[in-house]
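Scroll down for the structure; my scribbles are underneath it.
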Amino acid sequence: MALPRDLETFSAVLRAEGPAAALAYLNEGVPHRYSAIYRFAGLKLQNVFLQDKLGEMRPQYLATVPFDQSFCQFVRRDSAFRTDNSAVDPRLEGHPYQGVVVSYHSVPVVSDAGELWGTLSHFDMASLPLCDDEFELMQGAAKLLPSFLVER
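The sequence shown lines up with residues 5 to 156 when you count with my numbering.
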């Protein structure tokens, strides 16, 4: 039986099983292949957790991403970023990953001290929407994650 899709359930999974299981819970409710938590590390983004619907090992190109080549830079600038299809999104004109990472939905993870720590994202190499309810769940989840991540 599927778990309810709400912040209370996310919080219970996070407390009982940790951030990897909580990320898997988020991924179960979206069509996107990947759900990820990235940490800002200078001029790079470091993948901390990755959930792949196909259960494959993390590809090397997703382990560390140059900040200026990531879509996470737009989360830092705009406080969230959503695109169902980067190939036709004019905000991404000329970006090296436009049309490669096709759907990308991401929110900031802010530390308890108020500093931007990283991002929580759903993404895929195919054009996929993210419903507003799942985006709101992701926003709420990002607020609960910091105390489980700051030591990483």
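Even glycine gets a Cβ: it sits at the ideal position worked out from N, Cα and C.
Just so we're clear, the structure is a prediction, and the values are computed from it rather than from any experiment.
Do V114 and L153 have their C-beta atoms within less than 8 Å of each other? What you label residue 114 is simply residue 110 of the sequence shown in a count that begins at 1. What you label residue 153 is simply residue 149 of the sequence shown in a count that begins at 1. Result no, Cβ atoms of V114 and L153 do not sit closer than 8 Å.
Considering only the beta carbon of each residue, do G33 and R9 sit closer than 8 Å? In the sequence shown, residue 33 corresponds to position 29, counting from 1. In the sequence shown, residue 9 corresponds to position 5, counting from 1. In contact: G33 and R9 (Cβ atoms closer than 8 Å).
CA-to-CA distance, T13 to T68, given in whole angstroms: Here residue 68 is taken as the residue at index 64 of the sequence shown, counted from 1. Here residue 13 is taken as the residue at index 9 of the sequence shown, counted from 1. Using only the alpha carbons, I get a separation of about 30 Å.
Boundaries of the beta strand (DSSP E) in which N51 is found, first to last residue: Here residue 51 is taken as the residue at index 47 of the sequence shown, counted from 1. Run containing N51: K48 to D56, per the beta strand (DSSP E) assignment.
Proximal residues to V104 (C-beta, below 8 Å), its chain only, five neighbours per side dropped: By 1-based counting over the sequence shown, the position of residue 104 is 100. Correct list, in chain order: S90 and M129.
Terminal residues of the beta strand (DSSP E) in which S107 lies: In the sequence shown, counting from the first residue as 1, residue 107 sits at position 103. Start and end: S107 to V114.
Our contact map puts Q55 next to S39 with C-beta atoms below 8 Å; I'd like the distance itself, whole angstroms only. On the sequence shown, residue 55 is found 51 positions in, with the first residue counted as 1. On the sequence shown, residue 39 is found 35 positions in, with the first residue counted as 1. About 4 Å separates the two Cβ atoms, so the contact holds.
Rounded to whole angstroms, what's the CA-CA distance from Y29 to K57? Just pull it up for me. Indexing the sequence shown from 1 puts residue 29 at position 25. Indexing the sequence shown from 1 puts residue 57 at position 53. When rounded, the distance between both Cα atoms is 11 Å.
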